[in-house]
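In our numbering, the protein residues as written are 497 to 757. Even glycine gets a Cβ: it sits at the ideal position worked out from N, Cα and C. Please read the structure below before turning to the comments.
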């Protein structure tokens with residue numbers, strides 16, 4: 497099956513590295529125009545340059561998605577340059593965890609602004625146009641902890657659970673207009689966060705050795721981490737017409753790691 501996104505415009509937050517970058521590359525190779533958003537201009541510009549050099553259409557928009565004014569500015573710029581947003585991927589957010597009693601208000605608020613309110617605000621901006629055109633795709637990137645949170649996993653799993661509820665609400669409201677909304681629940685995916693952890697915890701090991709040891713210690717059923725490219729494949733499918741009757745789902749992309757479906 498060939499998945500195409502010709503003529504569509506995708507906006508991806510957290511688009512400069514890791515899964516966001518892989519999705520941007522995949523969407524662009526499938527024919528979409530891609531707008532990528534992240535806080536740091538340098539890696540963002542580098543990713544956009546790589547995609548453009550490979551023949552894709554991509555533009556970089558530096559901005560902090562946890563701030564309402566920044567989101568409004570970025571969305572307006574994307575619509576000015578690309579005319580519309582057909583596909584929205586809410587991917588921004590790093591893991592933030594700790595013991596419940598030790599997490600201060602400001603950490604809760606910052607995580608909420610980054611992972612939940614950013615998605616709410618962006619959907620509020622994109623939803624009307626998608627409904628008017630009677631075509632839209634929204635993908636919320638969450639993690640498997642939203643379905644099965646463990647001790648010490650707050651605030652991230654709580655914010656991701658809110659994102660899963662948001663996905664279901666939006667799917668019901670978007671369905672009459674062919675605006676399909678789904679969530680992708682990540683397991684352990686090779687990312688820049690893991691690269692930073694490798695440098696911090698095991699600089700004497702190769703990255704491959706570090707990942708293999710982590711996969712073993714965490715008893716990953718497939719014996720390995722997933723790749724950003726594998727994650728991007730399912731995202732591209734959900735963004736396409738091939739997934740035209742899939743909405744309101746939360747799909748695990750975790751190599752069978754989650755204890756629940």
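Best match in the options for proximity to residue i [C-alpha to C-alpha]
| i | options | result |
| --- | --- | --- |
| residue 530 | 715, 658 and 548 | 548 |
| residue 448 | 579, 537 and 717 | A question about residue 448 goes unanswered here, because the residues of the chain that appear run from 497 up to 757. |
| residue 514 | 696, 725, 687 and 588 | 687 |
| residue 714 | 663, 659, 580 and 684 | 684 |
| residue 633 | 499, 497, 498 and 505 | 505 |
| residue 567 | 603, 499, 620 and 710 | 620 |
| residue 647 | 668, 595, 526 and 726 | 595 |
| residue 627 | 558, 551, 671 and 735 | 671 |
| residue 608 | 651, 618, 535 and 717 | 651 |
| residue 498 | 605, 525 and 624 | 525 |
| residue 623 | 705, 534, 539 and 675 | 675 |
| residue 593 | 639, 649 and 553 | 649 |
| residue 710 | 699, 694 and 700 | 694 |
Residue i: first and last residue of the uninterrupted alpha helix (DSSP H) it sits in
| i | result |
| --- | --- |
| residue 570 | 564 to 578 |
| residue 624 | 614 to 629 |
| residue 660 | 652 to 670 |
| residue 603 | 601 to 608 |
| residue 730 | 724 to 735 |
| residue 676 | From DSSP, residue 676 is part of no alpha helix (DSSP H) but of the beta strand (DSSP E) over 675 to 682. |
| residue 709 | 703 to 713 |
| residue 588 | Counting along the chain, residue 588 falls outside any alpha helix (DSSP H), and DSSP gives it neither H nor E. |
N- and C-terminal bounds of the beta strand (DSSP E) containing residue i
| i | result |
| --- | --- |
| residue 536 | No beta strand (DSSP E) holds residue 536; DSSP gives it neither H nor E. |
| residue 636 | 632 to 639 |
| residue 553 | 553 to 558 |
| residue 515 | Taken as a continuous stretch (DSSP letters only), residue 515 belongs to no beta strand (DSSP E), being part of the alpha helix (DSSP H) at 514 to 525. |
| residue 507 | 505 to 509 |
Beta-carbon spacing of residue i, residue j below 9 Å
| i | j | result |
| --- | --- | --- |
| residue 756 | residue 682 | no |
| residue 587 | residue 654 | no |
| residue 629 | residue 582 | yes |
| residue 733 | residue 739 | yes |
| residue 556 | residue 572 | no |
| residue 720 | residue 707 | yes |
| residue 637 | residue 743 | no |
| residue 501 | residue 728 | no |
| residue 580 | residue 527 | no |
| residue 679 | residue 730 | no |
Neighbour-count burial assignment, residue i, 16 or more Cβ in a 10 Å radius
| i | result |
| --- | --- |
| residue 643 | buried |
| residue 753 | buried |
| residue 578 | buried |
| residue 702 | exposed |
| residue 605 | exposed |
| residue 611 | buried |
Integer Cβ distance of residue i from residue j, believed to fall under 8 Å
| i | j | result |
| --- | --- | --- |
| residue 689 | residue 591 | 7 Å |
| residue 662 | residue 616 | 7 Å |
| residue 585 | residue 519 | 6 Å |
| residue 668 | residue 656 | Not confirmed; about 20 Å, so no contact. |
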